[in-house]
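>
Numbering (the numbering used here), first residue to last: 362 to 496.
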C-alpha cells in the first residue's frame, strides 16, 4: 500500500539518487510541523482583519480562506485586482453548476501563500475595497 502511494507521486522508474532524496524528504516531518505553524499564524492574523467586513471563518484544513461576498464573485475579484492589486479567485470558477445553482457563486477563495506580512497587507486592502463598495 505504501509503495503504491509512493509510486503515485513518482512514477515507476526512479534512479537511485531520486529514490534516496525521496526517502529523505518523505521521512522528514520538520517542514510539515513548521508549515502548519506558519499557516496557523497567518490564519490567526488575517481572519480577524477580514471578519470586520465579510463572512469568513477558519478552515478545517488547507491554506485557503473562503468568504461570502455580495454580488458577482467575478466582478469582485476583477475590481479588487484592478483597484487594489490583490488577487483572489472567484468561487464560481471552482465549482460546477448543479440543479441551476453554482455553489461557489458569491464566494471568493483567498490563498495565504505569500509571506505573513503580505497576507496581512492584502487583507487590509480587501477591507478597504469592501468598505469602498458599500459607502
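In this text, a Cβ means the ideal position worked out from N, Cα and C, and glycines have one as well.
Straight-line CA distance for residue 495 to residue 400?
Roughly 30 Å separates the two Cα atoms.
> Residue 473 and residue 404 look like a contact to me (Cβ under 8 Å); what is the Cβ gap, rounded to whole Å?
Correct: roughly 7 Å between the Cβ atoms.
> Report the rounded CA-to-CA distance for residue 379 versus residue 386, giving the unit in angstroms.
For residue 379 and residue 386, the distance between alpha carbons rounds to 10 Å.
> Candidates 434, 464, 410, 454: which alpha carbon is nearest residue 489's?
Answer by Cα proximity: 410.
> Check for me: the alpha helix (DSSP H) holding residue 399 runs from which residue to which?
Residues 391–412.
> I'd like the list of long-range same chain contacts for residue 416, defined as Cβ closer than 7 Å, with 5 residues on each side in sequence excluded.
Correct list, in chain order: 428, 429.
> Report yes if the C-beta distance between residue 434 and residue 451 is below 8 Å; otherwise report no.
Cβ distance < 8 Å, so residue 434 and residue 451 count as in contact.
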